[in-house]
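At position 332 of the sequence shown the residue is numbered 332 (the UniProt record's numbering), and the sequence of numbers has no breaks.
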Amino acid sequence: MYLHGTSKINDQGHLEIGGVDATKLTQEFGTPLYVFDEALVRQRCREFVEAFQASGLKFQVAYASKAFCVMAMCRLAAEENMSLDVVSDGELYTALQAGFPADRIHFHGNNKTIEEIEMAIDAKIGCFVVDNFAELHTLNAIAGEKRQKVKVLFRVTPGVEAHTHEFISTGQTDSKFGFDLGNGSAFRALEEAKALPNVDILGVHSHIGSQIFEVDGFRMAAERVAAFAVHVRKELDLTFRVINLGGGFGIRYIEGHTPLPMATYVKAITDAIKENFGSNDYPLPEIWIEPGRSIVGDAGTTLYTIGSTKEIPGVRKYVAVDGGMSDNPRPALYDAQYEAMLANRATEQPEEVVSIAGKLCESGDMLIWDLNLPKVQTGDILAVSCTGAYNYAMASNYNRVRRPAVVFVKDGQADLVVKRETFDNVAGNDLIPERMKQASK
Ligand code: LLP
């Protein structure tokens, strides 16, 4: 397993993260356990912020909180001078409870409810990323009732789709999100918005994909957005002050993943903006981005206790852990691949090839296929790396399992940031109708 950030093997032959022995963490907090290397999260935030500072452009780096949204993380992002992208009332609530400055919160989503819009306007958030015509008019109406003018970006689909190593340029993007640049709906949105009294148009937003290892897709998106900005300026006399190019910067989950340094992505984006706006004599806009995975992904490690094994001679050996798709649905959902090691026997040589199964009642609940490990014993601690993004965030109570605890580790100290769920968290909202209670008397 590749050792990210402060992870290392200590003198006892144990995995250590943030200066804390992983076996101590499991004794103190139990398993499964999400462990975050706080120094690495902060380092990732700084890599983005410093790269933008070097560009000389005005900017905001908004952490896409959907990747991992808990109060301690929101607090950390605020301390690191990040802005925050939220996509629901729950994420907004978490951020506000954590004391995140509202004026640096951006609200996304293709179907914001009236309640969400009201909550966000009342909180005086920094900006709405408007996704569709209905939202635009609802937002204008609610803002009017509340005698406020709200700042808006328009989410556009630029006809660029990027995944890992390739990007494709599509004529018209078939997407549930945003206004299409190619078919004129983005232009119509701006035209309609111009006539609305309660929206202050900042500019446009585009997000081209996730886990991207190349800069070409971002460059092309910047080019298309700039061409659109020039067109809108000429036709509607509207000048964009902000361009948001979304998230999607890739990370190394397994060998063969080759992400670029964050500074390389930022430089490609800021250079493309300078070129494409500068050459059109357009006042340079502020640049915003929204990294999620690249802020928290490789800083997360999940620790499990190994339980049962099942060997099928000539076929494979299954090794089961005390979690699975309930704490990490990504292998089942996306065929995501992970690396892992025995945290309590980290220096021992591999002796067998095993497949790591979860404990949930579903054959598809497999975390890793064909992993080289020392001879596994019940009670060993399995560490799966790179589980910081979209793991806790997408965890479920399937089979009514309790969601794990989350700890931040740094400089030899471990702090609980989310408590392990209790049975009351799992069943506490259940109600038995009175008539059933009476019938059973
Ligand atoms: N901005 C927008 C508008 C987005 O839709 C997303 C991710 C991001 C930013 C952050 O993207 P990132 O930097 O994290 O790639 N559950 C999936 C990922 C879904 C991403 C959705 N949007 C997974 O586990 O891979």
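Each residue gets a CB set at the ideal place from its N, CA and C atoms; glycine is no exception.
{"Query": "Bridge partners for I243 per DSSP, in chain order?", "Result": "V204, I287"}
{"Query": "Any heavy atom of the ligand LLP inside 8 Å of the beta-carbon of R293?", "Result": "yes"}
{"Query": "Quick one: grab the DSSP three-state call for T305.", "Result": "strand"}
{"Query": "When every heavy atom of the ligand LLP is checked, does at least one fall within less than 8 Å of the C-beta of Q211?", "Result": "yes"}
{"Query": "If you count every other CB in all the chains shown that lies within 10 Å of the CB of P404, and 16 or more means buried, which is it?", "Result": "buried"}
{"Query": "For the ligand LLP, is there a heavy atom less than 8 Å away from the beta-carbon of H137?", "Result": "no"}
{"Query": "To the nearest angstrom, how far is it from the Cα of V406 to the Cα of Y63?", "Result": "19 Å"}
{"Query": "Can you grab the Cα-Cα spacing for the pair P374 / A343, in whole Å?", "Result": "11 Å"}
{"Query": "CB-CB under 7 Å to E421, same chain, minus the five flanking residues each way: which ones, in chain order?", "Result": "R402, R403"}
{"Query": "Can F154 be considered in contact with the ligand LLP, in the sense that its beta carbon sits closer than 8 Å to one or more heavy atoms?", "Result": "no"}
{"Query": "Output the distance between the C-alpha atoms of Q97 and D89, rounded to the nearest integer angstrom.", "Result": "12 Å"}
{"Query": "Below 8 Å, is the gap between the Cβ of F179 and the nearest heavy atom of the ligand LLP?", "Result": "no"}
{"Query": "Going along the chain, which unbroken runs of the alpha helix (DSSP H) with 4 or more residues stay wholly within the segment 317 to 371?", "Result": "330 to 334"}
{"Query": "Spatial neighbours of T23 within its chain, please: CB distance less than 7 Å, with the 5 preceding and 5 following residues excluded, ordered by chain position.", "Result": "H14, A343, N344, I381"}
{"Query": "Below 8 Å on the Cβ atoms is my guess for Y338 versus S294; work out the distance and round it to an integer in Å.", "Result": "The Cβ separation is near 17 Å, so there is no contact."}
{"Query": "Suppose the cutoff is 7 Å on Cβ atoms and the five residues either side in sequence are ignored; what does the same chain contact list for A332 look like?", "Result": "M325, G364, D365"}
{"Query": "Using 8 Å for Cβ pairs, my map puts A263 next to E47. What's the rounded Cβ distance?", "Result": "6 Å"}
{"Query": "Could you tell me whether the Cβ atoms of F128 and L92 are closer together than 9 Å?", "Result": "no"}
{"Query": "What separation, rounded to the nearest whole angstrom, lies between the Cα atoms of R252 and E16?", "Result": "19 Å"}
{"Query": "Grab the span of the alpha helix (DSSP H) containing I381 for me, first residue to last.", "Result": "Here I381 belongs to no alpha helix (DSSP H); instead the beta strand (DSSP E) covers 381 to 385."}
{"Query": "Does the separation of the CB atoms of Q60 and W288 fall below 9 Å?", "Result": "yes"}
{"Query": "Helix, strand or coil, according to DSSP, for L96 in the structure here?", "Result": "helix"}
{"Query": "Going by other Cβ atoms of all chains shown within 10 Å of its Cβ, with 16 needed for buried, is A320 buried or exposed?", "Result": "buried"}
{"Query": "What are the partner residues of R155, as DSSP defines its beta bridges?", "Result": "H205"}
{"Query": "Determine the contact status of R241 and G300, defining contact as a CB-CB distance below 9 Å.", "Result": "no"}
{"Query": "Is the beta carbon of G126 within less than 8 Å of some heavy atom of the ligand LLP?", "Result": "no"}
{"Query": "Write down every uninterrupted run of the alpha helix (DSSP H) in the segment 28 to 87 whose length is 4 residues or greater and which is fully enclosed by it, in chain order.", "Result": "38 to 55, 71 to 79"}
{"Query": "Could you round the C-beta distance between R75 and G99 to whole angstroms and report it? I think they count as a contact, below 8 Å.", "Result": "7 Å"}
{"Query": "According to DSSP, is T258 helix, strand or coil?", "Result": "coil"}
{"Query": "Taking just the CA atoms, how far does Q148 sit from D37?", "Result": "41 Å"}
{"Query": "Measure the C-alpha to C-alpha separation of I142 and G388 and round it to an integer number of angstroms.", "Result": "37 Å"}
{"Query": "Closer than 8 Å to a non-hydrogen atom of the ligand LLP - does that hold for the CB of H165?", "Result": "no"}
{"Query": "Within this structure, are the beta carbons of Y282 and A222 separated by less than 9 Å?", "Result": "no"}
{"Query": "What first and last residue would you give for the alpha helix (DSSP H) that runs through H14?", "Result": "That residue, H14, is in no alpha helix (DSSP H); it is neither H nor E in DSSP."}
{"Query": "Buried or exposed: where does G314 fall if 16 or more other Cβ atoms within 10 Å of its Cβ makes it buried?", "Result": "exposed"}
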